[in-house]
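Structure record follows, encoded as structure tokens.
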Amino acid sequence: MARARAQNRLNRRKFLAGMALAGTAAAAEPGVAATSAAPVTPRPSALRPTAAVAAAETGTPQASVQTAGVPSSDFMADVVKSLDIDYVPCNPAQSFRGLHESLINYGGNKKPEFLTCTHEESSVALAHGYFKIAGKPLLVLCHGTVGLQHAAMAIYNAWCDRVPVIVMGGTDLDASKRPPGVPTFHSAQDINALVRDFTKWDDQPVSLQHFAQSFVRAYKLAMTPPHEPVMLALDCGLQEQTLHDKASLKIPRYVPTAPPQGDMNAVREAARLLAGAERPLIIADKYARTAEGVKLLVQLAEALQAPVFDQKGRMNFPNTHHLFQNGAAQSLLKDADVILGLELSDYWGTVNSYIDNGDNDGTGLQEMRINPKAKLISISSLALNSKSNYQDFQRFQVVDVDLAGDAQATMPALIEAVKQALPANRAGDIDARGNVFKKAWSDARDRTRQAASYAWDASPISTARMAMEVYAQIKDLDWSSVGGDRQLSSWPSRLWPMDKHYHHIGGPGGYGIGYNAPAAVGAALANRALGRFSVNFQPDGDMMFGPGVLWTAVKHQIPLLSVMHNNRAYHQETMHVQRISNRRNRVASLAKDIGPIGTRLENPAIDYAKLASAMGMWSAGPITDPNDLAPALKKAVQVVKAGEPAMVDVVTQPR
Ligand SMILES: Cc1ncc(C[n+]2csc(CCOP(=O)(O)OP(=O)(O)O)c2C)c(N)n1
Ligand SMILES: [Mg+2]
């Protein structure tokens, strides 16, 4: 036995002999110069390299070791640094090595600081989540054709969610000069074409002055509502050339564009309708950008004592307020005589119902949810920026007063106009309207609690129980919920008191799975600077798109509590296949799983605690007994409070 093992073991002497043989074989090939000694491959150093070692390892030719003058990309770094950009989430690549080197060596890796990402989709989604807390865009660097294709889905989510991201993609434009092989595979005439349909603006600067102007312009356009991603192609040649007249270049001063406000005549018309309404209803989706936005909406709702239906594209309205009426949304829609929609992504889908029952030709049943005589008002910045190809503008809805403008920026004028339009003799009626909603609010809260108590002790664990066990551990902290809500039947936003604008951050926008995990890390990074505790309910299917972001969170010490909503399924799709099978009067084919083939994440089940731990993250689970949740969560909260990310894997019921 021992002898056999010794024979199998790779023997150093045999190995070296093999190397010599390989060397001989190479030497014997035609066209390869014969040498007396075996070729010597430089060994990578395990230590931080000196400049000389780095030059040897990267095969830098002697002649180009020293460059005189200023590297062009140092000027580019100055341009980037002239704006308030905190981080560069990035998967590294040769096509932007010039700027990369300048940002770290010349720029000191500060404002912006590199965040190492393991996938470009993570880089962009991380920037997406960061903006929703910090209100500032990040710069994402990605590699020409290949990195940008990875980034594309996340850029689409940011586009649909009206979130600015400054994306720059390296490309080598001069076909007569660029290296053959890989760099040429990774270049294109027009890389921006890949994402042009879902970016607000793009450019391919051909000079440094052009770069400076386009970078500042890109930032400015991205930050003007509707906020959207923008794209710049970054030529390798431009980055790596040497600059001899830096003094002649100018960095344009950034002056933020004032957000567009709706036309005052239309504001007064909207106010007149609202003030005269018997049953007004306010619906908000991607409305509030800041704490001020929430405060203003409270003022408007209180002036009218009008109920608010918060579609939760952002945290728009405190669920602790008696006018928060999500529980009664359907009956309020049916009865309303005036409806005000604030930055609705889907006005048609809000006021019409679509029942996915499939009649003979496969279309759903459609009908109006509202009184056909109801007057509809819309305030939205989307009319100011639309593109044709992707269908994120949704179905066409006729409205009676259509204000093109940013809803939050328009709100002070609307509040003022409503106050002026309200007849003094209606104050009593309006107060009475509010009193009705006080009772409706507390009844709805009791119903929600009752519903949450079902299957309290079940295993797998109910999503409501999981939400409340987490809340019990964080309720005294300054918390921010940065992850899944809808997938948990919105239990966190239905059960937790949410009154601060960072209490939840809405969803992905384009519903592209793979957003949640990296966006939660980005939002947690922004919360870190503000001393807040970030918590993320993490759906399992979403986790598996880009699990490498867990490593990014550990590496950059981003405190985030991730609680796996591990239903071991692409549950939404389980339901779709089931529904179609039912419609066709067939039983969904299950193989050895409990859901239809192709929708379960089990056999084998994925061990998320091990996944996190492999990336260096503190983790616990899988937890199947609800009574085991509190002790595991308590420990995880301590880890996060100490400044590190942690994960607790909870095996849950579907929703
Ligand atoms: C990029 C992408 N691929 C596929 C889908 C289709 N899809 C919608 S929901 C869903 C399941 C997601 O599973 P999980 O994140 O675990 O959430 P669950 O439905 O189980 O709550 C899938 C695959 C999608 N929306 N986006
Ligand atoms: Mg799932």
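If you're matching positions, the sequence shown starts at 1320 in my numbering and goes up one per residue. Beta carbons: idealized from backbone N, C-alpha and C, even for Gly.
In the DSSP assignment, what are the bridge partners of residue i?
{"i": "residue 1633", "result": "Residue 1633 is not bridged to any residue."}
{"i": "residue 1685", "result": "1673"}
{"i": "residue 1823", "result": "1800"}
{"i": "residue 1660", "result": "1602 and 1697"}
{"i": "residue 1919", "result": "1888"}
{"i": "residue 1712", "result": "Partner(s): none; residue 1712 has no beta bridge."}
{"i": "residue 1967", "result": "1882 and 1939"}
{"i": "residue 1485", "result": "1458 and 1549"}
{"i": "residue 1780", "result": "1971"}
{"i": "residue 1492", "result": "Partner(s): none; residue 1492 has no beta bridge."}
{"i": "residue 1562", "result": "1389"}
{"i": "residue 1415", "result": "Its beta-bridge partners do not exist; DSSP assigns none."}
{"i": "residue 1627", "result": "1601 and 1643"}
{"i": "residue 1554", "result": "1490"}
Note down the Cα distance separating residue i from residue j, rounded to an integer number of angstroms.
{"i": "residue 1956", "j": "residue 1767", "result": "27 Å"}
{"i": "residue 1388", "j": "residue 1504", "result": "31 Å"}
{"i": "residue 1531", "j": "residue 1550", "result": "14 Å"}
{"i": "residue 1831", "j": "residue 1751", "result": "44 Å"}
{"i": "residue 1585", "j": "residue 1721", "result": "8 Å"}
{"i": "residue 1888", "j": "residue 1904", "result": "23 Å"}
{"i": "residue 1581", "j": "residue 1735", "result": "14 Å"}
{"i": "residue 1723", "j": "residue 1703", "result": "7 Å"}
{"i": "residue 1850", "j": "residue 1509", "result": "42 Å"}
{"i": "residue 1845", "j": "residue 1478", "result": "20 Å"}
{"i": "residue 1564", "j": "residue 1390", "result": "11 Å"}
{"i": "residue 1621", "j": "residue 1642", "result": "8 Å"}
{"i": "residue 1434", "j": "residue 1776", "result": "41 Å"}
{"i": "residue 1694", "j": "residue 1514", "result": "38 Å"}
{"i": "residue 1575", "j": "residue 1405", "result": "17 Å"}
{"i": "residue 1633", "j": "residue 1376", "result": "49 Å"}
{"i": "residue 1788", "j": "residue 1841", "result": "24 Å"}
{"i": "residue 1535", "j": "residue 1393", "result": "16 Å"}
{"i": "residue 1350", "j": "residue 1502", "result": "Residue confidence for residue 1350 is low, a pLDDT of 34 falling below 50, so the modelled location carries little weight; the figure read from the coordinates is stated next. Their backbone Cα atoms lie some 26 Å apart in a straight line."}
{"i": "residue 1792", "j": "residue 1452", "result": "22 Å"}
{"i": "residue 1450", "j": "residue 1456", "result": "5 Å"}
{"i": "residue 1922", "j": "residue 1913", "result": "11 Å"}
{"i": "residue 1459", "j": "residue 1896", "result": "37 Å"}
{"i": "residue 1353", "j": "residue 1378", "result": "Because residue 1353 sits at a pLDDT of 35, beneath the cut-off of 50, its placement in the model cannot be relied upon, and the following sentence gives the value as read from the coordinates. Using only the alpha carbons, I get a separation of about 22 Å."}
{"i": "residue 1973", "j": "residue 1418", "result": "46 Å"}
Between residue i and residue j, how many whole angstroms is the CB-CB distance? I'm expecting something under 8 Å.
{"i": "residue 1812", "j": "residue 1782", "result": "Actually they are not in contact, since the Cβ atoms of residue 1812 and residue 1782 sit about 12 Å apart, beyond 8 Å."}
{"i": "residue 1448", "j": "residue 1950", "result": "Their Cβ separation, rounded to whole angstroms, is 29 Å, which puts residue 1448 and residue 1950 out of contact at 8 Å."}
{"i": "residue 1410", "j": "residue 1444", "result": "Residue 1410 to residue 1444, Cβ: 13 Å. No contact."}
{"i": "residue 1616", "j": "residue 1627", "result": "7 Å"}
{"i": "residue 1308", "j": "residue 1771", "result": "No answer is possible for residue 1308: it lies beyond the span of the chain, which begins at 1320 and ends at 1974."}
{"i": "residue 1828", "j": "residue 1521", "result": "19 Å between Cβ atoms; not a contact."}
{"i": "residue 1785", "j": "residue 1540", "result": "Between residue 1540 and residue 1785 the Cβ distance is about 41 Å, and since that is not below 8 Å, they are no contact."}
{"i": "residue 1927", "j": "residue 1968", "result": "4 Å"}
{"i": "residue 1496", "j": "residue 1556", "result": "7 Å"}
Alpha helix (DSSP H) containing residue i: first to last residue?
{"i": "residue 1950", "result": "1948 to 1960"}
{"i": "residue 1754", "result": "1746 to 1772"}
{"i": "residue 1691", "result": "Run containing residue 1691: none; DSSP gives neither H nor E here."}
{"i": "residue 1502", "result": "1501 to 1504"}
{"i": "residue 1449", "result": "1439 to 1453"}
{"i": "residue 1731", "result": "1726 to 1740"}
{"i": "residue 1945", "result": "Segment: none, residue 1945 is in no alpha helix (DSSP H) and carries neither H nor E."}
{"i": "residue 1399", "result": "1391 to 1400"}
{"i": "residue 1408", "result": "No alpha helix (DSSP H) holds residue 1408; the beta strand (DSSP E) holding it covers 1406 to 1409."}
So residue i is in the beta strand (DSSP E); what residue range does that whole segment cover?
{"i": "residue 1435", "result": "1432 to 1435"}
{"i": "residue 1462", "result": "1458 to 1462"}
{"i": "residue 1855", "result": "1852 to 1858"}
{"i": "residue 1811", "result": "Unbroken run through residue 1811 is the alpha helix (DSSP H), 1810 to 1814; no beta strand (DSSP E)."}
{"i": "residue 1721", "result": "1720 to 1723"}
{"i": "residue 1524", "result": "Careful: residue 1524 lies outside any beta strand (DSSP E) and carries neither H nor E."}
I'd like to confirm something about residue i: is its beta-carbon nearer than 8 Å to some heavy atom of ligand 4, or not?
{"i": "residue 1888", "result": "With respect to small molecules bound, the structure shown includes ligand 1 and ligand 2 and not ligand 4."}
Does any CB atom of chain D fall closer than 9 Å to the CB of residue i?
{"i": "residue 1887", "result": "Given the protein chain composition of this structure (a single chain), no chain D is represented."}
For this session: Examine the Cβ distances between the stretch 1697 to 1704 and the stretch 1651 to 1667 and report whether three or more of them are shorter than 8 Å.
Result: yes
Exercise. With a cut-off of 8 Å, do at least 3 Cβ pairs link the stretch 1800 to 1814 to the stretch 1853 to 1862?
Worked result: With a cut-off of 8 Å, the stretch 1853 to 1862 and the stretch 1800 to 1814 count as touching, because enough Cβ pairs lie within range.
Problem set entry | the stretch 1778 to 1794 touching the stretch 1937 to 1955, judged by at least three CB pairs closer than 8 Å | Enough Cβ pairs lie closer than 8 Å, so yes.
Exercise. Are three or more beta carbon pairs between the stretch 1520 to 1528 and the stretch 1557 to 1571 nearer than 8 Å?
Worked result: yes
For this session: Could you say if the stretch 1440 to 1454 and the stretch 1469 to 1476 meet the contact criterion of at least three C-beta pairs nearer than 8 Å?
Result: yes
Exercise. On the three-pair Cβ rule with 8 Å, is the stretch 1594 to 1608 touching the stretch 1662 to 1674?
Worked result: A contact exists between the stretch 1594 to 1608 and the stretch 1662 to 1674.
Problem set entry | Given 8 Å, three or more beta-carbon pairs between the stretch 1903 to 1921 and the stretch 1872 to 1882 | no
Exercise. Between the stretch 1483 to 1498 and the stretch 1453 to 1468, do at least 3 Cβ pairs fall closer than 8 Å?
Worked result: yes
Exercise. Is the stretch 1754 to 1770 touching the stretch 1631 to 1646, taking contact as three or more C-beta pairs under 8 Å?
Worked result: yes
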